[in-house]
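Here is the structure we will look at.
Chains as they are written, first to last, in our numbering: chain R, 1 to 354; chain V, 1 to 349; chain Y, 1 to 417.
Here it is, written out as structure tokens:
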């Protein structure tokens, strides 16, 4: 355990953030093109990648079932949309770990708290968008407080930080139960985003909200990538992931960078809480569910890699939905087998850096 | 990671020595005699509830938490899957032996089902160890938590083997040597014997070559590898050893409850074991038992003091307080109090 | 090792033994009543309402029965059988309760029944747990259930759906554990005997909120969907089903068509009208006894639910049965409470929901309410009582042997595809 951190730990040490060595989208090692071209290029690559995954899935289903079985296509779509939700939750988790080596096991609580607070605001004001915004801001603020009040005081003590997050998640879960009770809550999103789209070719209805969720996740993924790769703060973050001490030595206010990352990570969890709570619903226990999803997604994708989180999230989302439809009993086993397989084959995760 | 406060950046070489220096100054040897006598005499004057629900139950949780203390305190591997391993032993004892679900249970003799259950659970622990030792450090806690939660979901869904949501009921301890081991006093002594054995084993292992190697691996894996030690082998062996201990605790737990269901190995109980170990202190094998006793007393009597509803907040805050202010748990408090007394009330320098 | 540590160990030992030694002498003129409900975890709100039921019954009896004072001691579980056993142990072995009312949920009930067998000196009265086998198979001599089980709750629903609504082919969507299995049995028992077909059952893993993939698996040539999900989950399911283009009507389990569903917005609400369901209580029943019970509940607990839940109702009638029986036997608990048990087992009680008496296994035979969603003039939806199914027994009117021969409920039992 002692060594997790510095030198020998095969994985623990430097999980890479997006843009590091293991990342296919990373500019590193390439001749540097103009900033703008690169940004556009990256965006295009990301969109193309997403589209490819999307259509390959559809085409495979189409082909496999002779164009008859809507169920398969719907399930693949559901897997992708669920995966996009998992990505939103896990990206914050992986960012925080990548930089601070803080395994935030209260991440699921942030998801649920964001959802509840967003719901209360949306319910009081009647504005769903305000709920989304408050969900993000409230959790970003909570993350900031956590970082400044708690984690800064025990920097470098990985296990102790993790234990604190466990304690926090127990207390938070109970306080949320106190405040919001055991019942299930549902958001009422604006009618124009919560309807039915008739998919061309397939000729079936599909939830427009889930498609929007998918698009939102792609946009946020790209934004996150651009933030990490094209902004000064992002550069600092990546530098911090690679060598924190060196970053501090070069005069950067590391604490500020930590705060930004923790706030963004926690805010994303809160944001995901509201948009995810709208797609499904919110109830006690969802914190553990999304914590588990985040854990598996980042173990599969590679700690600290945002791109890895995207790949992991899509894999897990698909496995879960296909499992649910084709063998409900063993759905959880497939997810778990993917994790085991990755650990055996590439312990550092698919896009993690060895 | 003997102590959760340990600084990550402390030079690795000094850590072993530091551990020795900082080892808890708990009483040794004969000082335990009164405690031992007390534990043996306990059922003679305590009622059924105190004997079983407080005494035996604390020791059972203590044994399971002890297996975590062994892994975390000596090996630096914080496994959240110890309750899962314990539950596996309980489940397989029900599956091989007799239970309310005779369409699943095989009805084998306890002479067979008991060792087999221990074996399956230990194998499972070994597998977890193999997986977890693929990576290092803080990853362990994540992987074992993922395994624990996934296993919980799986048992709840699987009816062919684990009988899903309902699990198994009417599981009795085997009537070894013609005694009814469910009888409160007998059950207490059975638990006491197992707890004492596990405690002794951990104390012994801590000083054995194997235990010292595991501790050295915790302190500097690279150096040990360079010295020619098989790192993964030792770590997996530690998981297996701890798994066997947890499995013993798990068997006692199903004897006590007479049943096992997914709730037994749910997220709550899994985290409870960590709380118990940390509450008591990870630096000495007595810690988990102290933590378990404190936990069980709180669990049973909190309802008489506070609104039961907020029990989790109370236990969570206790846990946070220990992690934040007394990283060596209640044992650390004991030591502080002892030092303060030894100073005879003189002000701190 | 120092003398100090040795002394302190002794001191600790002495302190503990002092604590252990104290067992308060039990006064003869007090009867201790334990109440066990889920006061923690996700079901805490329901457990609290159960406790309100206990307290309402006690208040109406002025905390006296059979000439003795009744002392209430509360116990709490988190809905897992292990925690129910621990709480029962504390109440019975430490607090020495004479009678225990509880628990709340099905698997807890099975656990407490097993525990009851080991403690023949205490009388156990069920709270609201509704698993069949708590009393149907291998019952405990000292376990009494004045509430009905999950299958009884659905009595008459299958017949109504088949005959009145004309549904012949349905699919089932329900959570994957024993309570919904039991509810599905209650529905299918009539439905299948009349010739209805349940062409497919979709068992959704517990806690799963995403039905989007399941809705695409529902065949189009059916008449209705039987949904046994909690209210909010049912709304979730309906929303996703509608978005997938589905429009088949729904049949509801006992906890499906609650206020969450009735208060739903959008065009869904129109086809909710006419959704039948059945259960042990009906909020809108215009019966004097029921209405006065609701009024008493509202007066006693201004911070409670708008109307008593089936948990408050279940705990209320269980406690009421205990108190009335204690009155009848003058609080005589001698000889392992033999008189009390004999009285409870053979007498008929009045409850806010009609007469209740026990069968040979000490299981309630009681009235069940068949309801259907209707629209008020102002456009709000409510559950209208269509019919009160009188005196439903545990074997749903079948011969006991034949009923038992069908075997325990499971995912695949019963079946009529």
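Heads up, the beta-carbon is just placed ideally off N, CA and C, and yes, glycines get one too.
| Query | Result |
| --- | --- |
| At least one CB of chain V closer than 8 angstroms to the CB of residue 94/R: is that the case? | no |
| So the candidates are 29/Y, 337/Y, 374/Y and 59/Y; which of them puts its Cα closest to the Cα of residue 301/Y? | 59/Y |
| Since residue 68/V and residue 273/V are thought to touch, with beta carbons under 8 angstroms apart, how far apart are those beta carbons, to the nearest angstrom? | 6 angstroms |
| Nearest-angstrom Cα distance between residue 136/V and residue 232/V? | 10 angstroms |
| Could you check the C-alpha separation between residue 238/R and residue 151/R for me, to the nearest Å? | 20 angstroms |
| Decide if residue 147/R is buried, meaning its Cβ has at least 16 other Cβ atoms within 10 Å, or exposed. | buried |
| Quick check: what's the CA-CA separation for residue 46/V versus residue 105/Y? | 32 angstroms |
| Quick one: which chain R residues come within Cβ less than 8 angstroms of residue 233/Y? | 184 and 281 |
| For the beta strand (DSSP E) holding residue 33/Y, just list the boundary residues, first then last. | 30–38 |
| Just to confirm, is the Cβ distance from residue 162/Y to residue 194/Y under 8 angstroms? | yes |
| Name the chain R residues that come within less than 8 angstroms of residue 43/Y, Cβ to Cβ? | 182 |
| So that I know if they touch, is there some Cβ in chain R lying closer than 8 angstroms to that of residue 244/Y? | yes |
| Provide the residue span of the beta strand (DSSP E) that contains residue 383/Y, from first to last. | 381–392 |
| Can you list, in chain order, the stretches of the beta strand (DSSP E) that have 3 or more residues and sit fully within the segment 137–182 of chain Y? | 169–175 |
| Would DSSP call residue 368/Y helix, strand or coil? | strand |
| At 3 residues or longer, and completely inside the segment 48–90 of chain V: list those beta strand (DSSP E) runs for me, N to C. | none |
| In angstroms, rounded to a whole number, what distance separates the CA positions of residue 144/R and residue 263/R? | 5 angstroms |
| Who are the near neighbours of residue 70/V in its chain, counting only those whose CB is closer than 6 angstroms to its CB and skipping five residues on each side? | 202 and 242 |
| Which of helix, strand or coil does DSSP assign to residue 334/V? | helix |
| Output, in chain order, the set of chain R residues within a Cβ distance shorter than 9 angstroms of residue 239/V. | Simply none; closest approach about 14 angstroms. |
| Tell me which residues share the same chain as residue 194/V and place their Cβ nearer than 8 angstroms to its Cβ, disregarding the 5 neighbours each side in the sequence. | 59, 63, 248, 249 and 252 |
| Under 7 angstroms between beta-carbons, which chain C residues line up against residue 205/Y? List them in chain order, please. | You won't find chain C in this structure, because its protein chains are R, V and Y. |
| Identify the residues that DSSP records as bridge partners of residue 276/Y: which are they? | 372/Y |
| Name, in chain order, the residues that DSSP records as bridge partners for residue 201/Y. | 172/Y |
| Taking residue 319/Y as the reference, give the member of 40/Y, 81/Y and 101/Y with the closest Cα. | 101/Y |
| Run down chain Y in chain order and give the residues with a C-beta less than 9 angstroms from the C-beta of residue 325/R. | 213, 214, 216 and 217 |
| Let me know the secondary structure DSSP gives residue 214/Y once reduced to three states. | helix |
| Nearest to residue 350/V by alpha carbon, out of 337/R, 182/R and 279/R? | This structure gives no information on residue 350/V, because the portion of chain V shown stretches from 1 to 349. |
| Hey, which unbroken runs of the alpha helix (DSSP H) at 4 residues or more fall wholly within the segment 151–197 of chain R? | 158–180 |
| With 8 angstroms as the threshold, decide whether the Cβ of residue 230/Y is near any Cβ in chain R. | yes |
| Are residue 246/V and residue 125/V touching if we call contact CB-CB under 8 angstroms? | yes |
| Please report how far the alpha carbon of residue 174/Y lies from the alpha carbon of residue 285/V, in whole angstroms. | 47 angstroms |
| Check whether the Cβ of residue 183/V lies closer than 8 angstroms to any Cβ atom in chain R. | no |
| Which of the three DSSP states is assigned to residue 406/Y in this structure? | coil |
| Using the beta-carbon of each residue, which ones in chain Y are nearer than 7 angstroms to residue 169/R? | Residues of chain Y passing the Cβ test: none, with the nearest at roughly 15 angstroms. |
| Below 8 angstroms on the Cβ atoms is my contact criterion, and I expect residue 351/V with residue 191/V to pass it. Report the Cβ-Cβ distance as a whole number of Å. | Coverage of chain V is limited to positions 1 through 349, which leaves residue 351/V absent and any answer about it impossible. |
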